[in-house]
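Chains as they are written, first to last, in the numbering used here: chain A, 2 to 225; chain B, 60 to 350.
Quick notes on the structure that follows.
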Amino acid sequence: MFARLLAVAGAVAAFVAAPGLRAQEMVAPDALVRNVTLEVADILRKDKDIQSDRKKLVALVDAKIVPHFNFTSMTASAVGANWAKATPEQKAKLADEFRTLMVRTYASSIATFRDQKFDFRPLRASPTDTDVTVNVRVIQPGAQPVKIDYDMEKTPRGWKVWDVRVADISLTANYRTEFSNIVRDSGIDGLIKALHAKNSGVPDKPAASAAAPEAPASEMKKKR
Amino acid sequence: MTGTRETAGGGWVVHARALVAALVFALVSGCATTSGGDPRDPFEGFNRAMYTFNDGLDTVVVKPVSTVYKTITPDPVRTWVRNFFANIEDVFIGVNNMLQGKFVDGWTDWVRFAFNTTLGVAGINDVASEMGLEKHNEDFGQTFGRWGIGSGPYLVLPLFGPSSARDFGGLWLDWTADPLWYYTRPIALRNSLAFLRGVSRRTDLLDASRILEEAALDKYVFQRDAYLQRRRALIYDGNPPRDGSSRLREEPSADAPTATPGVARMQAADQVLEAPAATPPAVLAADQGER
């Protein structure tokens with residue numbers, strides 16, 4: 002685990018030190034997904050308390066997962082046609098709020114991790130591709146494997162995820178109708194406000210999340 | 060269809076009639092409440108009411124029961140229960156694969172059933188998966204989709220949740236063909252098993268429902284769009300057809316009728332995504348037609 006950490010750290014350092022690196026020397030997208038997934042799974046396995054500690058989960062997501070996502074691309078995909086109508090400031094705010102929402106959602110989903118195994122499928126792409134899909138299967142005892150596909154794009158700072166498809170449901174596409182409805186009714190600023198309200202924990206149904214058995218009462222507080 | 064089942068499942072027929080009545084009501088009230096909404100969801104008014112009903116029922120009854128079930132049963136027991144019901148399903152998953160012309164898959168499903176029922180002790184152990192015989196996900200709704208029938212309007216069914224006109228028809232056949240429902244006697248045993256199956260399924264979704272709470276701004280819309288995306292993908296077994304030009308029209312035109320190709324192109328440029336080889340998934344929700 003420590004060796005892997007070092008390897009990733011080394012790779013990251015290499016990027017920072019030599020921005021002019023040639024494409025082949027980047028960590029390949031499938032290797033990146035594999036490294037990060039196994040590393041996070043390892044941390045969750047070793048630290049049994051982390052899954053009930055939302056603050057720690059969010060910190061983990063922030064440290065290990067967030068750096069490999071391109072939230073601007075992700076937000077653009079989720080906002081759809083209206084993205085082009087947003088000003089640069091609005092885009093920055095949207096991406097920021099969407100990032101917070103994704104971090105929280107990711108924290109919730111890794112809170113459900115129960116020692117599942119992963120099947121990393123071989124990458125089917127040519128070396129010149131700049132947009133690839135990395136396929137992972139989460140193997141659970143007694144249930145069908147769950148497909149998780151990462152759509153990744155090549156950037157000067159390495160491969161970045163711009164969409165996640167769980168069981169063939171694209172996360173960004175799933176927000177598109179919702180977001181365009183809000184923009185239609187109250188504009189881009191309305192969407193920023195709605196996202197901010199969601200992230201600040203102004204729940205439309207506080208009772209529902211309080212009733213969730215594994216959601217600690219402290220969760221509401223963490224939402225700030 | 061139902062007439063032949065009077066003796067075997069009279070209770071279900073009554074139940075089905077109530078469902079039909081509810082749906083007719085849905086069509087009528089839905090028509091009345093349509094107001095410039097999503098074209099895939101003309102009965103949004105009714106659907107939202109049903110969603111609220113289901114959600115309330117879930118919060119008050121179903122989720123607590125599932126949570127208790129999860130608390131009092133050890134993991135292996137829940138796996139046995141899940142496998143037992145999943146094994147019964149394999150028979151008609153096979154039938155549906157055959158109907159879709161996927162004969163190897165269909166045969167695999169039946170071989171799975173044979174192995175799991177015998178070696179797996181009435182299906183409680185999924186030995187077939189360990190042997191490399193992968194489980195499939197098929198139902199009559201998917202078969203209809205494969206045959207070229209569009210999904211039709213989105214529907215939220217009481218108790219059953221998200222569905223569509225096509226999938227409701229499929230669900231009807233799924234139930235008609237359900238061995239547990241029609242051949243298990245006495246009725247008390249059948250009802251107990253059906254209840255256990257329902258609880259088992261809901262329990263598997265406890266985690267998912269928590270994530271939904273976290274992710275969605277409007278849970279109704281989020282769940283609907285996820286359902287439509289998922290069903291479309293299932294019909295094509297995870298490989299829905301895409302065309303190279305779809306990248307430029309990834310915005311659902313239904314939701315943004317004013318979107319011009321220019322705007323779309325600007326947006327595509329914004330994302331610095333031009334590779335047609337690794338086709339982006341963002342178009343999934345945009346493509347309404349199943350074909």
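A virtual CB, placed ideally from N, CA and C, is assigned to each residue, including glycine.
Problem - Residue-level contact to chain B via CB, I170 of chain A, 7 angstroms cutoff - result: Yes, I170 of chain A counts as interfacial toward chain B.
Problem - Contacts around D198 of chain B, its chain only, beta-carbon distance under 7 angstroms, and the 5 residues preceding and following it disregarded - result: These residues qualify, in order along the chain: N155, G229, D233.
Problem - Beta-carbon spacing of P102 of chain A, N200 of chain A below 7 angstroms - result: Note that residue 102 of chain A is Leu in the sequence shown here, rather than Pro. Yes. Within cutoff.
Practice task
Show which residues of chain A have a CB atom less than 8 angstroms away from the CB atom of I152 of chain B.
Solution key: In chain order: nothing, as chain A lies at least about 11 angstroms away.
Problem - Three-way DSSP call (helix, strand, coil) for I183 of chain B in this model - result: Coil.
Handout entry: Cβ distance (whole Å) where P101 of chain B is taken to contact P221 of chain B below 8 angstroms
Key = That pair is no contact at about 15 angstroms.
Problem - S109 of chain A beta carbon less than 7 angstroms from that of W163 of chain A - result: Not a contact, by the Cβ cut-off of 7 angstroms.
Practice task
Look at the alpha carbon of V80 of chain A and the alpha carbon of S181 of chain A, and state the distance between them as a whole number of angstroms.
Solution key: Their backbone Cα atoms lie some 7 angstroms apart in a straight line.
Practice task
With a 10 Å radius around its C-beta and 16 neighbouring C-beta atoms as the bar for buried, classify A174 of chain A as buried or exposed.
Solution key: Classification for A174 of chain A: buried.
Exercise for the section: Using alpha carbons as the reference points, say which of B:T126, B:G104, B:A108 lies closest to L264 of chain B. Expected result: Distances from the CA of L264 of chain B to each of B:T126, B:G104, B:A108 were compared; the closest alpha carbon is that of B:T126.
Handout entry: Beta-carbon proximity check, K161 of chain A vs I140 of chain A, cutoff 7 angstroms
Key = At the C-beta level, K161 of chain A and I140 of chain A stay beyond 7 angstroms of one another.
Exercise for the section: Consider the Cβ of R138 of chain A: report whether some Cβ of chain B lies at a distance smaller than 7 angstroms. Expected result: No, its Cβ sits nowhere closer than 7 angstroms to a Cβ of chain B.
Problem - In chain order, each alpha helix (DSSP H) run of at least 4 residues that lies wholly inside the segment 109 to 135 of chain B - result: Within the segment 109 to 135 of chain B, the complete alpha helix (DSSP H) runs of at least 4 residues are 122 to 131.
Practice task
Label L218 of chain B either buried or exposed according to how many other C-beta atoms from any shown protein chain fall within 10 Å of its C-beta, with 16 as the threshold for buried.
Solution key: Burial call: exposed.
Exercise for the section: Reducing DSSP to helix, strand and coil, say where T134 of chain A ends up. Expected result: Note: T134 of chain A maps to strand in three-state DSSP.
Exercise for the section: Determine the direct distance from the alpha carbon of F72 of chain A to that of L196 of chain A, and round the result to whole angstroms. Expected result: A direct Cα-Cα distance of roughly 14 angstroms separates L196 of chain A from F72 of chain A.
Exercise for the section: Closer than 7 angstroms by beta-carbon distance: list the chain B residues that pair up with S110 of chain A, in chain order. Expected result: By Cβ distance, chain B contributes I270.
Problem - Alpha carbon of D50 of chain A to alpha carbon of V41 of chain A, nearest angstrom - result: Distance between the alpha carbons of D50 of chain A and V41 of chain A is about 14 angstroms.
Problem - Cβ-Cβ separation, K148 of chain A to D116 of chain A (assumed contact under 8 angstroms), whole Å - result: In this structure D116 of chain A does not touch K148 of chain A by the C-beta definition: roughly 19 angstroms separates them, more than the 8 angstroms allowed.
Problem - Near-chain B residues of the segment 39 to 54 of chain A - C-beta to any C-beta below 8 angstroms - result: Within the segment 39 to 54 of chain A, no residue has a Cβ that lies closer than 8 angstroms to any Cβ of chain B.
Practice task
Output yes if chain A places a C-beta closer than 7 angstroms to the C-beta of V170 of chain B; else output no.
Solution key: No, V170 of chain B does not count as interfacial toward chain A.
Exercise for the section: Below 7 angstroms CB to CB, which residues in the same chain sit around M157 of chain B once its five sequence neighbours on both sides are set aside? Expected result: Taken in chain order, the residues that qualify are G165.
Practice task
Using a cut-off of 8 angstroms between C-beta atoms, extract the partners of K194 of chain B located in chain A.
Solution key: Per Cβ cutoff of 8 angstroms: Q145.
Problem - Limits of the unbroken alpha helix (DSSP H) element including R105 of chain A - result: Residues 89 to 112.
Exercise for the section: Could you check what DSSP says for N36 of chain A in three-state terms: helix, strand or coil? Expected result: In this structure, N36 of chain A counts as helix in the three-state DSSP scheme.
Problem - Backbone secondary structure at I208 of chain B - three-state DSSP - result: Secondary structure at I208 of chain B: coil, using DSSP grouped into helix, strand and coil.
Handout entry: Cross-strand partners of G220 of chain B (DSSP beta bridge)
Key = For G220 of chain B, the pairing in a beta bridge is given by DSSP as B:L216.
Exercise for the section: Compare the C-beta of E197 of chain B against all C-beta atoms of chain A and say whether one is closer than 7 angstroms. Expected result: No, E197 of chain B does not count as interfacial toward chain A.
Exercise for the section: Pick helix, strand or coil for V147 of chain A, following the three-state DSSP scheme. Expected result: Reduced to three states, the DSSP call for V147 of chain A is strand.
Practice task
Please list, in chain order, all residues of the same chain as N175 of chain B whose beta carbon is under 8 angstroms from its beta carbon, the five residues on each side excluded.
Solution key: The residues are N142, N146, D149, G182, N184, D185, V186, A187.
Handout entry: Where the segment 273 to 293 of chain B meets chain A: residues whose CB sits under 7 angstroms from a CB there
Key = Taking 7 angstroms as the Cβ-Cβ cut-off, the segment 273 to 293 of chain B approaches chain A at E273, A274, L276, D277, V280, F281, D284, A285, Q288, R289, A292, given in chain order.
Practice task
Verify whether the separation of the beta carbon atoms of L255 of chain B and L239 of chain B is less than 7 angstroms.
Solution key: Contact annotation: L255 of chain B and L239 of chain B have beta-carbon atoms that are not nearer than 7 angstroms.
Exercise for the section: Give a yes or no on contact between the segment 83 to 96 of chain A and the segment 183 to 193 of chain A, applying the rule of three or more CB pairs nearer than 8 angstroms. Expected result: These segments touch.
Exercise for the section: Assign S78 of chain A to one of two classes, buried (16 or more other C-beta atoms within 10 Å of its C-beta) or exposed (fewer than that). Expected result: Counting C-beta atoms within 10 angstroms of its own C-beta, S78 of chain A has 16 or more neighbours from the protein chains shown and is therefore classed as buried.
Handout entry: Residue-chain proximity (G207 of chain B, chain A), Cβ-Cβ < 7 angstroms
Key = It does not; no Cβ of chain A falls within 7 angstroms.
Practice task
Name the two residues that bound the continuous alpha helix (DSSP H) containing D190 of chain A.
Solution key: Looking at the DSSP string, the run of the alpha helix (DSSP H) that includes D190 of chain A is 172 to 200.
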